[in-house]
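Enquirer: Dropping the structure in here first, questions after.
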Amino acid sequence: MKLKLALKNLGLPALLASSLIHPAGSIAATSQTSNQPEAAAAEQPAKPSFEQYTAALRQEAEQKGYDQALLDEVFSSLTFHERVVKADQSQPEVVETLSTYLPKRVSDIRITMARGFYKQYLPELEKIGEKYGVQPRFIVALWGLESSFGRFMGNYSIPSALATLAYDGRRETFFRQEFFNALDILAEGHISFADMKGSWAGAMGQSQFMPSSFLAYAQDGDGDGKKDIWTNQLDVFASIANYLKQQDWDNSITWGREVVLPEGFDAGLAIQRGSLARTAWLGRWNDSARSLAKWNELGVRRLNGTDLPARDLQAALVLPDGEGGRAFLGYDNYKSLMHWNRSYYFVTSVGYLADLIIAE
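Numbering (mature numbering (1 follows the signal peptide of the UniProt record, and there is no 0)), first residue to last: -28 to -1, 1 to 332.
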């Protein structure tokens, strides 16, 4: 049976023809000597308008073989959103610590709602959890943290948001590919163009998948032939579970635990901080990973001061706020969650909410 959430929704492409570039670009350059400022300016063609950019985008889409009716519908409605560009360029630089972040993300109202939805959908969640090998509480935690249980999914047209971000150029290659991924989703009939809404950054539905994640992980949870992460709860739950399954989730263990470090502990044993590509980050994870028995030998203890569990598990030490801040041992499932969102704060909030869902 199909379930619906009963809540009010609380470098420019090479294909860009040279005719779009002012012809004076190359002509003027030949009439100046190279040591004149005008020469450098003339060599840089004027940026095309959004309309010119999307015209070239459509030409590429036509060459890829998309249905003309679909392209007519999408491209006739593409809109440049200045607010999207401003949001991308002006993301807030708020100084947070884990202790200020967690109460906002894992608030009392969110905990209450998570427990309520967990109970409401438990029969469906258990079936999906068994199929994909993922504990239902983690499905609900991700659902709650990504879209507040489907109440806040964003109201931007996904193709327009992605075309805007591609045109802006900061990450053109990425967002152009996501634009074509969105066309693929529409071509497959999973959602109508009018209903393909999401965040300014292009994340969609109750699970807030980018189009590439949708194509890789979205599931038809109720067998109706569509993958609807906007309104179909079984599709939402199955898609979240499948994402974790594909990232080697192990439902025999939890995410990790907060721990206490002994005085004088060598913080160099923790995962070294710094923004890295995932492969490099995994290398740092492996450098830190040790058995729970080894961490016990090093003096790491549970919050209540007792020894760590006597289980044959590997864990890496995570210091979200650096040396002197709160400490966590992350198990392999922590790595899976870090693939979803490579933020120690976000992953910790998922783990905390998942634990609190069943803590009653």
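A virtual CB, placed ideally from N, CA and C, is assigned to each residue, including glycine.
Exposed or buried, what is V67 when buried is set at 16 or more other beta-carbons lying within 10 Å of its beta-carbon?
Expert: Looking at its Cβ environment, which holds fewer than 16 other Cβ atoms inside 10 Å, V67 is exposed.
Enquirer: Enumerate in chain order the residues of its own chain whose CB-to-CB distance from A213 is below 6 Å, with the five nearest sequence positions on each side excluded.
Expert: Taken in chain order, the residues that qualify are I100, Y104, V106, I111.
Enquirer: When DSSP labels each residue in this structure, what does M310 get in the three-state scheme?
Expert: The answer is helix: DSSP assigns M310 an H, G or I state.
Enquirer: Taking only three categories from DSSP, how would you classify E230?
Expert: It is a strand residue.
Enquirer: Which value, in whole angstroms, describes the spacing of the CA atoms of Q4 and P17?
Expert: Low confidence applies here, because Q4 scores a pLDDT of 38, under 50, leaving its location unreliable; read the following figure in that light. About 15 Å.
Enquirer: Thinking C-alpha only, which one of E235, L50, Q40 is nearest G271?
Expert: With distances taken between Cα atoms, G271 lies closest to E235.
Enquirer: Name the residue from W257, L29, R245 whose alpha carbon lies nearest to the alpha carbon of L50.
Expert: Checking every option, the nearest Cα to that of L50 belongs to L29.
Enquirer: Count Cβ pairs between the segment 283 to 300 and the segment 82 to 102 that sit closer than 8 Å; are there 3 or more?
Expert: Segments in contact, no.
Enquirer: Do L187 and I163 have their C-beta atoms within less than 8 Å of each other?
Expert: For L187 and I163, no; Cβs fall outside 8 Å.
Enquirer: I need the straight-line Cα distance from S120 to F209, nearest angstrom please.
Expert: In a straight line, the C-alpha of S120 is about 14 Å away from that of F209.
Enquirer: Output the distance between the C-alpha atoms of S308 and E160, rounded to the nearest integer angstrom.
Expert: So the two alpha carbons sit approximately 28 Å from each other.
Enquirer: Please specify which runs of the alpha helix (DSSP H), each continuous and at least 4 residues long, are wholly inside the segment 10 to 84, giving them in chain order.
Expert: If we require 4 residues or more, the alpha helix (DSSP H) runs fully inside the segment 10 to 84 come out as 22 to 36, 40 to 47, 54 to 61, 70 to 77.
Enquirer: My understanding is that W227 touches G323, with C-beta atoms under 8 Å, so please give their C-beta distance in whole angstroms.
Expert: The pair is a contact, with the Cβ atoms about 4 Å apart (cut-off 8 Å).
Enquirer: Is V272 near the ligand NAP, judged by its Cβ being under 7 Å from some heavy atom?
Expert: For the structure depicted, the ligand NAP is absent and the ligand set is empty, with no information on it obtainable.
Enquirer: With 16 other CB atoms within 10 Å as the buried threshold, where does R283 fall?
Expert: Label assigned to R283: exposed.
Enquirer: Tell me whether the beta-carbon of W221 lies closer than 8 Å to the beta-carbon of D167.
Expert: For W221 and D167, no; Cβs fall outside 8 Å.
Enquirer: Give me the DSSP bridge partner(s) of Y316.
Expert: Per DSSP, none; premise fails for Y316.
Enquirer: Is it the case that the Cβ atoms of V231 and F300 are separated by a distance below 8 Å?
Expert: In this structure, F300 lies closer than 8 Å to V231 by Cβ.
Enquirer: I'd like to know whether the C-beta atoms of I330 and R55 end up nearer to each other than 8 Å.
Expert: Against a cut-off of 8 Å, the Cβ pair of R55 and I330 comes out as no contact.
Enquirer: How close, in whole Å, do the beta carbons of F124 and A138 come, if the pair is a contact with beta carbons under 8 Å?
Expert: F124 to A138, Cβ: 25 Å. No contact.
Enquirer: Across which residues does DSSP place R274 in a beta bridge pair?
Expert: In DSSP, R274 forms a bridge with V231.
Enquirer: Which partner residues of Q191 appear in the DSSP bridge assignment?
Expert: Its beta-bridge partners do not exist; DSSP assigns none.
Enquirer: If you check the beta carbons only, do E295 and F165 fall under 8 Å apart?
Expert: No, these two residues do not count as a Cβ contact at 8 Å.
Enquirer: For L289, which residues does DSSP report across the bridge?
Expert: Beta-bridge pairing links L289 to L301.
Enquirer: Are S184 and Y128 closer than 8 Å when you measure CB to CB?
Expert: Going by C-beta atoms, S184 is not nearer than 8 Å to Y128.
Enquirer: Please name the residue, chosen from A41, A33, L97, that lies closest to G193 on a Cα-to-Cα basis.
Expert: Nearest C-alpha to G193: L97.
Enquirer: Does the beta-carbon distance from T136 to F52 come in below 8 Å?
Expert: Yes. Within cutoff.
Enquirer: Taking the C-alpha atoms as reference points, what is the distance between V57 and D293?
Expert: Each residue's Cα considered, the two are about 30 Å apart.
Enquirer: What does F181 pair with, by DSSP beta-bridge criteria?
Expert: DSSP, once it has assigned bridges, lists M176 as partnering F181.
Enquirer: Going by DSSP, what residue range makes up the alpha helix (DSSP H) through L280?
Expert: Unbroken run through L280: none, as it is neither H nor E.
Enquirer: Under the rule that 16 or more other beta-carbon atoms within 10 Å means buried, what is P131, buried or exposed?
Expert: The residue in question, P131, is buried, as its Cβ has 16 or more Cβ neighbours within 10 Å.
Enquirer: Count the other C-beta atoms from every protein chain shown that fall within 10 angstroms of the C-beta of K199, then say buried if there are 16 or more, exposed otherwise.
Expert: Counting Cβ neighbours within 10 Å, K199 comes out buried, since at least 16 surround it.
Enquirer: State the DSSP-derived secondary structure class of K103, mapped to helix, strand or coil.
Expert: In this structure, K103 counts as helix in the three-state DSSP scheme.
Enquirer: If you check the beta carbons only, do L117 and R77 fall under 8 Å apart?
Expert: Yes.
Enquirer: To the nearest angstrom, how far is the alpha carbon of Y189 from that of N153?
Expert: One C-alpha to the other measures close to 13 Å.
Enquirer: If you draw a straight line from the alpha carbon of G141 to that of D60, how long is it in whole angstroms?
Expert: If I take the Cα positions, the gap works out to 11 Å.
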